[in-house]
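Accompanying notes for the structure given below.
In my numbering, the protein residues as written are 618 to 747.
Structure, rendered in structure tokens:
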């Protein structure tokens with residue numbers, strides 16, 4: 618059986634990026650299910666046992682996708698770029714969750730933080746300093 622690294626290196630860069638992005642969106646969905654699934658809807662007034670069960674199942678699924686997506690990302694990004702990109706995916710998840718699930722506005726400080734993070738990604742990717 619081929620090792621995971623050999624499989625990844627056999628992919629084209631476009632294929633690796635596509636799979637990495639797709640896996641990160643699965644991570645976002647699982648994260649939001651784990652975080653908000655237990656505090657909204659029918660589970661809002663459920664026992665803590667039931668909330669724990671419904672939070673842990675998506676959390677396990679989240680980790681099943683985080684680890685391979687990070688390994689895939691390491692083939693075309695540096696560790697700081699990969700760390701910053703996770704903030705980008707978290708912010709995308711926050712926008713989707715706030716607008717479509719929680720139906721609350723996105724505060725200005727969240728937009729400002731995302732602008733700072735995108736600026737840091739630009740500096741990291743294009744090595745602006747030095």
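For every residue, glycine included, the Cβ atom is placed at its ideal position computed from N, Cα and C.
With a cut-off of 8 Å on Cβ pairs, the stretch 619-630 is not in contact with the stretch 662-680, counting fewer than three such pairs. The shortest CA-to-CA distance from residue 647 to any of 672, 729, 737 is the one to 672. Nearest in C-alpha terms to residue 703, of all of 625, 630, 642, is 642.
For residue 723 and residue 653, the gap between their C-alpha atoms comes out near 16 Å. Between the C-alpha atoms of residue 683 and residue 650 there is a straight-line separation of about 15 Å. The closest CA to that of residue 728, considering only 719, 740, 715, is found on 715. The C-alpha of residue 670 is placed about 32 Å away from the C-alpha of residue 635. Only residues of its own chain outside the window of five on either side were considered, and among them none has a CB closer than 6 Å to the CB of residue 626. Straight across, the Cα-Cα distance linking residue 685 with residue 659 is about 33 Å. Secondary structure of residue 697 (DSSP, three-state): helix.
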